[in-house]
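Residue numbers are given in this note's numbering: position 38 of the sequence shown equals residue 82, and the series is strictly consecutive. Note that beta-carbon positions come from the ideal geometry of N, C-alpha and C, so glycine has one too. For clarity, every value in this text was computed on a predicted model and none was experimentally measured. Read the structure below first, then the notes.
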Amino acid sequence: MPTSVKRILEYIGRKKGIDVRINGDRPYDIHVHHRRLYRRVLWNYSLGIGEGYMDGDWSCEDLEGMLTRCLRMVTTSQNVSIVSGLQHTLFNMQTMLKSRHSAERHYDIGNDLYEAMLDPHMQYSCGYWKDATTLEDAQLAKMDLICRKLRLERGIRVLDVGCGFGGLMKYMSDRYSVDVTGVTLSREQQRLGQEKFGLDSIFLHDYRELRKYHRRSYDRVVSVGMLEHVGFKNYADFFESVRQVTKDDGIFLLHTIGGNVSVRRPDDWVDKYIFPNGMTPSVAQLGRAMEGLWVMEDWHNFGPGYAKTLDAWNRHSKAYLQGSDRYPLRFQRMWEFYLVGSKVIFDLRASQLWQVLLTPYGVKGGLERID
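Laid out in structure tokens, this is it:
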């Protein structure tokens, strides 16, 4: 059976134009160490490849080169399991309870790893590499860009929805003397923000709870790298929730990964191991969700910069994990596969990074483009 499956996979690869050989002699060729890999990949391409790498079923000298060749097929096909597809179409996989569980699964794995991987401001989102050459400079430039787009002024009230570890909040407070509040679903993020940045205004709230307490309370709202966890069934509710806490003359900046096509379910491997129930929105999905609620003032795409950001994260995390006894080899291989695979997807331009600037009614004369 494994031999016949191997031949099937090789045939499919040739038909799809995937220039990767099994047990070949090029750096990006796969070397198979366990025959179960063939069944795994045939049953579910994404899970099979990912779990196979984690379990040592296969290895590759040039992982990035191999994934680049393979993901060209995945990013242009509908290689999904029927059960998972139905599940995410019929049911809301991002209820408040499930959202909290998803946050705990990814963000509470260990602050030590994130501190080693990220920049000093703990920015777990794409940096802005226009004039930057280091990760720290790119993240500082990203925060500066956000603040300038939001037109921050001393004393105004700012809400950070999905504030992460609080680095952007700290930057805003120090540089612009604004009154900033953050919400997250991760206790570990809240704890680190309190301990590292001295922030006492990070609260454990779901975005859907905000409108109960803060109606029309904020001059500016920002959400960085959080919409990917909302789910397509909740996009409209997200924009409605943010609108209800934003003043009529306020500004909302959304920073999110975006996809070239509309999807209703996540990648199986990413869903199981990295971001449970996470998915990236399309232009069409965002447009439908914000229609009638917001005026779009600006839409900025700097997706290629995410490949540079992910490359830096991978280098930092590999250096840390290799000397750590806390994280087993299977986790280390999972983390590497996640970061390298994500870099490849941005290099292939299958994913984008958008900053969308929104106002409730439109600004007379418009808002001048800032980059």
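Quick check: what's the CA-CA separation for residue i versus residue j?
i, j, result
"Arg84", "Val305", "27 Å"
"Cys1", "Cys191", "Past the boundaries of the shown model lies residue 1; the chain is included only from 45 to 415, so the question cannot be answered."
"Leu402", "Gly410", "11 Å"
"Tyr279", "Val307", "13 Å"
"Thr324", "Phe346", "15 Å"
"Ser128", "Asp250", "Residue confidence is low: Ser128 scores 39 on pLDDT, short of 50, so the model does not pin down where it sits. Its coordinate-derived value is still stated next. Taking the straight line joining both Cα atoms gives about 25 Å."
"Leu107", "Val400", "33 Å"
"His360", "Leu179", "10 Å"
"Trp379", "Gly406", "42 Å"
"Gly154", "Leu373", "16 Å"
"Pro404", "Trp398", "19 Å"
"Ile62", "Leu111", "10 Å"
"Thr133", "Val274", "Note that Thr133 scores 36 on pLDDT, short of 50, meaning its location in the model is unreliable; the coordinates nonetheless yield the value given after this. If you take the alpha carbons of Thr133 and Val274, they lie about 14 Å apart."
"Val14", "Ile295", "Beyond the ends of the chain as shown, which are 45 and 415, falls residue 14; an answer cannot be given."
"Tyr364", "Glu159", "10 Å"
"Lys214", "Asn88", "43 Å"
"Trp338", "Gly211", "27 Å"
"Gly242", "Pro71", "47 Å"
"Thr120", "Ser261", "Model confidence at Thr120 stands at a pLDDT of 47, short of 50, so the residue's coordinates are unreliable and nothing is read from them."
"Asp188", "Leu297", "13 Å"
"Leu248", "Asn321", "20 Å"
"Arg195", "Ala185", "15 Å"
"Ile66", "Lys316", "26 Å"
"Glu240", "Ser230", "Sequence check: residue 240 is Lys here, not Glu. Cα to Cα, Lys240 sits roughly 15 Å from Ser230."
"Leu162", "Tyr371", "17 Å"
"Arg309", "Ser90", "13 Å"
"Tyr220", "Lys362", "36 Å"
"His150", "Arg235", "At His150 the pLDDT is 48, less than 50, meaning the model places this residue with poor confidence and gives no usable figure here."
"Ser326", "Gln183", "24 Å"
"Val64", "Leu86", "16 Å"
"Gln329", "Asp369", "43 Å"
"His344", "His75", "41 Å"
"Val124", "Gly109", "Any reading at Val124 needs caution, since the residue's pLDDT is 39, under 50, leaving its predicted position unreliable; the model's value is listed next. Each residue's Cα considered, the two are about 23 Å apart."
Does the separation of the CB atoms of residue i and residue j fall below 8 Å?
i, j, result
"His206", "Ser267", "Looking at the sequence provided, one finds Gly at residue 206 rather than His. In contact: Gly206 and Ser267 (Cβ atoms closer than 8 Å)."
"Gln238", "Arg259", "no"
"Phe276", "Met334", "no"
"Asp31", "Cys114", "This structure does not reach residue 31, given that the chain is present from 45 up to 415, and the question cannot be answered."
"Gly269", "Ile246", "no"
"Thr228", "Gly208", "yes"
"Tyr172", "Gly367", "no"
"Lys387", "Asp355", "yes"
"Gly92", "Leu81", "yes"
"Arg116", "Leu392", "yes"
"Ser217", "Arg255", "no"
"Arg29", "Asp281", "Shown here, the chain extends from 45 to 415; a query on residue 29 therefore has no answer."
Would you say residue i faces chain C, with C-beta separation under 8 Å as the test?
i, result
"Tyr350", "Chain labels in this structure do not include chain C; a single protein chain is all it has."
Between the Cα of residue i and those of the options, spot the shortest distance and give me the residue it belongs to.
i, options, result
"Glu272", "Val384, Lys256, Asp293, Gly303", "Gly303"
"Gln376", "Ala176, Gly349, Ile318", "Ile318"
"Glu95", "Ile295, Phe381, Leu397", "Phe381"
"Leu157", "Val384, Asp218, Glu232", "Glu232"
"Met98", "Val314, Asp342, Ala182, Leu392", "Val314"
"Thr300", "Glu412, Ile414, Ser395", "Ser395"
"Gly331", "Glu253, Asp244, Asp342", "Asp342"
"Val384", "Val224, Ala351, Ile66, Met340", "Ala351"
"Arg79", "Leu196, Tyr371, Trp102, Ser90", "Trp102"
"Lys408", "His344, Met340, Asn358", "Met340"
"Arg264", "Asp188, Asp204, Arg370", "Asp204"
"Asp311", "Ile389, Val327, Lys193", "Ile389"
"Arg413", "Arg309, Leu248, Lys193", "Lys193"
"Met166", "Arg255, Ser221, Asp181", "Asp181"
"His43", "Ser90, Gly100, Arg65", "The question about residue 43 has no answer, for the chain in this structure spans 45 to 415."
"Lys174", "Thr353, Tyr371, Leu162", "Thr353"
"Ser244", "Glu253, Arg252, Val224, Ser230", "Correcting the residue type first, residue 244 is Asp in the shown sequence and not Ser. Residue Val224 is the option with its Cα nearest to Asp244."
"Ile200", "Gln183, Lys291, Leu162", "Lys291"
"Trp357", "His75, Leu86, Gly109, Pro164", "Pro164"
Self-check item: alpha helix (DSSP H) runs wholly inside the segment 174-207, at least 4 long, in chain order
Solution: 179-193
Practice problem: Could you tell me which uninterrupted alpha helix (DSSP H) segments, each at least 4 residues in length, are contained entirely in the segment 267-328, listed from first to last along the chain? | Solution: 279-289, 312-317
Quiz item: What residue ranges within the segment 339-405 form continuous alpha helix (DSSP H) runs of no fewer than 4 residues, ordered along the chain?
Solution: 348-365, 373-391
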